[in-house]
Amino acid sequence: MTEPRDHPFVTAVKPLVDAMGGELMDPALAQPDDVVLTWEGQDLLAVRLPQLSDSLDHILAALERRYGVPLAQLDRKSKQDVVRILEARGAFSVRHGVETVAGALGVSRFTVYNYLNRDSSAPKGAGKSSRE
Numbered sequence: 001m002t003e004p005r006d007h008p009f010v011t012a013v014k015p016l017v018d019a020m021g022g023e024l025m026d027p028a029l030a031q032p033d034d035v036v037l038t039w040e041g042q043d044l045l046a047v048r049l050p051q052l053s054d055s056l057d058h059i060l061a062a063l064e065r066r067y068g069v070p071l072a073q074l075d076r077k078s079k080q081d082v083v084r085i086l087e088a089r090g091a092f093s094v095r096h097g098v099e100t101v102a103g104a105l106g107v108s109r110f111t112v113y114n115y116l117n118r119d120s121s122a123p124k125g126a127g128k129s130s131r132e
């Protein structure tokens, strides 16, 4: 980038770009899919957004940092919470999303589908249900 990295605008957007798994770059290097950000009428920087599959890997890595352990080491309840978070963030709309998540959680695809189905079929506010 031609502008200093300590420009207040760059400082302001960097945490957001990092959280999204994006890359900051010189606007002169921007490609058609990149987002060019302007400050006071001048192109200051460009943001290259990650591919969807890279985004899922980035989200999984962020969740590992959040929980402080590899996702495969979480207990069942925490894994269900992770699946809920990932569903809300669109992780399962990505091709092979279920397989990727299952691998990260150390469970089968069937288990991930069970977690998803349990959430969608459970009544709001209901406690544990008994098996029939």
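Residue numbers (the working numbering): 1 to 132. For each residue, glycine too, the CB sits at the ideal point set by N, CA and C. Just so you know, these numbers come straight off a predicted model, no measurement behind them.
- Setting aside the 5 residues that flank it on each side, ASP43 is surrounded in the same chain by PRO27, VAL36, each with a C-beta closer than 6 Å to its C-beta; the list follows chain order.
- Ranked by how close their Cα comes to the Cα of LEU49, the residues ALA91, ALA88, VAL13, GLY22 have GLY22 in first place.
- Around the beta-carbon of THR11, fewer than 16 other beta-carbon atoms lie within 10 Å, marking it exposed.
- Going by DSSP, ARG48 is part of the beta strand (DSSP E) stretching over 42-48.
- ALA30 has its alpha-carbon roughly 16 Å from the corresponding atom of TRP39.
- Beta-bridge partners of MET20 (DSSP): none assigned.
- When the Cα atoms are used, GLY103 and PHE9 turn out to be separated by approximately 38 Å.
- Nearest Cα to VAL98 within the set TYR113, ARG65, ASP81: TYR113.
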